[in-house]
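Participant: Residue numbers (full-length UniProt numbering), protein chains in the order written: chain A, 1 to 149; chain B, 1 to 118.
Even for Gly, the Cβ is constructed at its ideal location relative to N, Cα and C.
On a predicted model such as this, the values are computed, not experimentally measured, just so you know.
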Ligand SMILES: Nc1ncnc2c1ncn2[C@@H]1O[C@H](COP(=O)(O)OP(=O)(O)O)[C@@H](O)[C@H]1O
Ligand SMILES: [Mg+2]
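1. Show which residues of chain A have a CB atom less than 8 Å away from the CB atom of residue 54 of chain B.
2. So is the beta-carbon of residue 97 of chain A under 8 Å away from any non-hydrogen atom of ligand 1?
3. Going along the chain, which unbroken runs of the alpha helix (DSSP H) with 4 or more residues stay wholly within the UniProt domain "Histidine kinase/HSP90-like ATPase" (35-140) of chain A?
4. Return the first residue and the last residue of the beta strand (DSSP E) that residue 1 of chain A is part of.
5. Mapping DSSP to helix, strand and coil, what is residue 46 of chain B?
6. Any contact between the region 66-78 of chain A and the region 100-111 of chain A? By contact I mean 3 or more CB pairs, one from each, below 8 Å.
7. Would you verify that the beta carbon of residue 49 of chain A is, or is not, closer than 9 Å to some beta carbon of chain B?
8. Name the chain B residues that come within less than 7 Å of residue 105 of chain A, Cβ to Cβ?
9. What is the DSSP secondary structure of residue 60 of chain B, reduced to helix, strand or coil?
10. In the DSSP assignment, the beta strand (DSSP E) including residue 13 of chain B goes from what residue to what residue?
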């Protein structure tokens, strides 16, 4: 299966659910397990929320772009913003590191993203924005399901 | 965000969020629970996540924030029935000791044990 999509939305928190739903629909044809779906959804939610709150400070004139590509059973997702950017990416990716402790951010976003993907890449430059790219391969559908489904 | 909050005996609060818990929906539940915490004698919070369809790290921040509030009253926290994805996130965040599969009564037993230093 090969497919491709792009979605652009304003940096408002309602759109966290929009990003999750759209990208879940995009991979639905792969018949993923419930656990695969919920991990994939979580990663999207983390990256989209970061773009909205850290990249743009919830300024609705900021636009978040999501691109997804499906090749066989592997999906590649890119979530990018042209917001504030990150000065030290290695530091930002440490567990519990957050620049917004007063907003009850846990600082676990990147740690969760790394754990639930096969490959996570973060590119960022202060003042020009952040791009998070991840890949996830969905397990093959068991033979029994394929013949009956 | 749909949520159900119940006061149990012994000053324990049972919070049962439903639907999807993300940064967008966390605020409302934070307000409700914080209100209760500031208002009365609370000895612990039981988060029953069995009806929650989705949670990201906003849920971790929400629970850690309330644990901080509870520290002043020495209150405990139990996280009931998380999905396996949620369980992994709590374990990564160092909250593994608070997880429990069971009923609110099991959670109260666990909290009683914690509070009495067992
Ligand atoms: N898109 C982004 N734009 C700017 N800064 C970001 C972005 N994503 C992450 N960051 C920075 O990296 C830190 C860690 O992110 P994360 O692990 O998701 O934790 P949290 O969101 O809880 O702070 C954030 O506090 C923020 O400083
Ligand atoms: Mg985050």
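Facilitator: So, to answer that:
1. 20, 38, 41, 42 and 45
2. yes
3. 89-92 and 109-115
4. Element bounds for residue 1 of chain A: n/a, residue is neither H nor E.
5. strand
6. no
7. yes
8. 61
9. helix
10. 12-17
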